[in-house]
């Protein structure tokens, strides 16, 4: 039986084809090839079979496709290929999708983005370079869902890469909600931009991730204008190297979470909607919640993050929710090596509220709080607990702070301000003499420099020899013409004998001019 299934799978893989559409195509005369495409994606869906890919050339198409087939959609780019309407899959339960499922397309819709009526199996599926926009002006509290139930087979995964999720939904009081209900396998969100609309209210676009993924990775993504991530009942969550603007992220009833090397910028400008309680949480940065009945929230590590300008009452809120029984337990929640120095004074960094203190363990050691004195520790009930000149930031609730860093370089971990080293005074600089400019190198190679050094003495010697020869030639010319050289006395014929008799003058003349010189 297994051989038959494998054979059928291989056949479906072999016969899978591409069905092309173009806004200049024709459903009547086209045949779905690249050179003779169809016009409408709905018509192309009717001609396609399981496993086929609808290839879309640049253009704008009417979408709202309903299909019971395992179809794939690929455009030219998310800028030039626009589909007005989502994709509604009615494929049988446990249908299999694998590989690049949707890519290089922009989907505009006022209902669903991509929805699965029945649970399906994803085997290393990727959505790549897809821009999702909700553009309706809804006036009711409505959750707009773009993904139904997905089952990821075994150790395989579902990757959302370089995608945008955005709302143009100004009147919806809760913005747009993108729901990812994932069970099993790994879910990875890489380079995802979650963009709100800056609504008339202060709730923005939310991406809700729930279910039970084996691993959830949120990497190098960002939010803006009220966009926020709400992660519910997930385990093995890795959130790192992201930038969260304007709104916090929520970790509700989660376990084994690492939040590392992120930036939270003006978080808290927008509130975050908590679906299980129909409530709005007012905090900035990170919310650690326990709304699931009997939830055990544990092993939450928040480290090496930076918080800038949080504008709500807290940067990190821990809350079990008022209506939830006190059976919710928070254990192993720790903050370390975070930089809270850019938070406005008198704002709470950690705010643990409405908790049964016997069921909470939160430690906030080895962080930098903006000065060497550490945070001001306050109880929940003490409304008069204010910041001081030395302690500008508060920690409120059952939170242990035993030590902290003296400065942002995080070199000295202390438990009191007196243990911080005194700042080293900056020495007065001693004026120094103006340095003599170093002669520029000639730019010659080593061999050229040696040759040049050798040739200079030779050139001098050669010049001297030339001077001597020229001088001798002048003397010879003068003697031939009877002209006495400078400093010499002209000799008459009568005086020649006396000169010859003078051995000194005769020897000088002979040494200067021999017979060969006179020829």
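Residue numbers (the working numbering): 25 to 543. Even for Gly, the Cβ is constructed at its ideal location relative to N, Cα and C.
Spatial neighbours of residue i in its chain, beta-carbon cut-off 7 Å, leaving aside the 5 residues before and after
i           : result
residue 436 : 429, 430, 444 and 445
residue 186 : 152, 153 and 215
Same chain only: Cβ atoms within 6 Å of residue i, ignoring 5 sequence neighbours per side
i           : result
residue 260 : 239 and 280
residue 123 : none
residue 42  : 77 and 79
residue 99  : 80, 105, 128 and 129
residue 251 : 218, 219, 220, 228 and 229
residue 190 : 157 and 219
residue 96  : 77 and 125
residue 62  : 45, 49, 51, 54, 56 and 68
residue 283 : 263 and 326
residue 58  : 44
residue 60  : 54
residue 109 : 87, 88 and 133
residue 209 : 176, 180, 181 and 238
residue 267 : 246 and 287
residue 510 : The predicted model places residue 510 with a pLDDT of 46, which falls under 50 and marks its position as unreliable; any figure quoted below should be read in that light. Hits under 6 Å: none found.
residue 85  : 65 and 107
residue 317 : none
When the options are compared against residue i, the one with the closest alpha-carbon
i           : options               : result
residue 422 : 392, 389, 393 and 385 : 385
residue 277 : 312, 366 and 42       : 312
residue 441 : 414, 419, 433 and 361 : 414
residue 218 : 418, 156 and 182      : 156
residue 424 : 356, 411 and 394      : 356
residue 140 : 131, 205, 64 and 247  : 205
residue 389 : 407, 403 and 419      : 419
residue 138 : 91, 101 and 102       : 91
Paired residues, beta bridge with residue i - DSSP
i           : result
residue 124 : 150
residue 207 : 175 and 236
residue 252 : 230
residue 98  : 79 and 127
residue 358 : 325 and 387
residue 269 : 289
residue 48  : Its beta-bridge partners do not exist; DSSP assigns none.
Beta-carbon spacing of residue i, residue j below 8 Å
i           : j           : result
residue 105 : residue 82  : yes
residue 184 : residue 147 : no
residue 359 : residue 374 : yes
residue 241 : residue 213 : yes
residue 68  : residue 45  : yes
residue 149 : residue 182 : yes
residue 362 : residue 328 : yes
residue 65  : residue 87  : yes
residue 254 : residue 274 : yes
Contact test: residue i Cβ vs the ligand ADP heavy atom, cutoff 7 Å
i           : result
residue 139 : Among the ligands in the structure shown, none appear at all, so the ligand ADP cannot be discussed.
Boundaries (first-last residue) of the alpha helix (DSSP H) holding residue i
i          : result
residue 69 : 65–71
Start and end residues, beta strand (DSSP E) containing residue i
i           : result
residue 402 : 400–402
residue 113 : 111–113
residue 183 : 181–185
residue 434 : Counting along the chain, residue 434 falls outside any beta strand (DSSP E), and DSSP gives it neither H nor E.
residue 245 : Where residue 245 is concerned, there is no enclosing beta strand (DSSP E), given that its DSSP letter is neither H nor E.
residue 262 : 259–264
residue 139 : 138–140
residue 313 : 310–313
residue 188 : 188–191
residue 284 : 279–284
8 Å Cβ shell around residue i - same chain, five flanking residues per side excluded
i           : result
residue 438 : 396, 427, 428, 429, 430 and 444
residue 207 : 143, 173, 174, 175, 176, 235, 236 and 237
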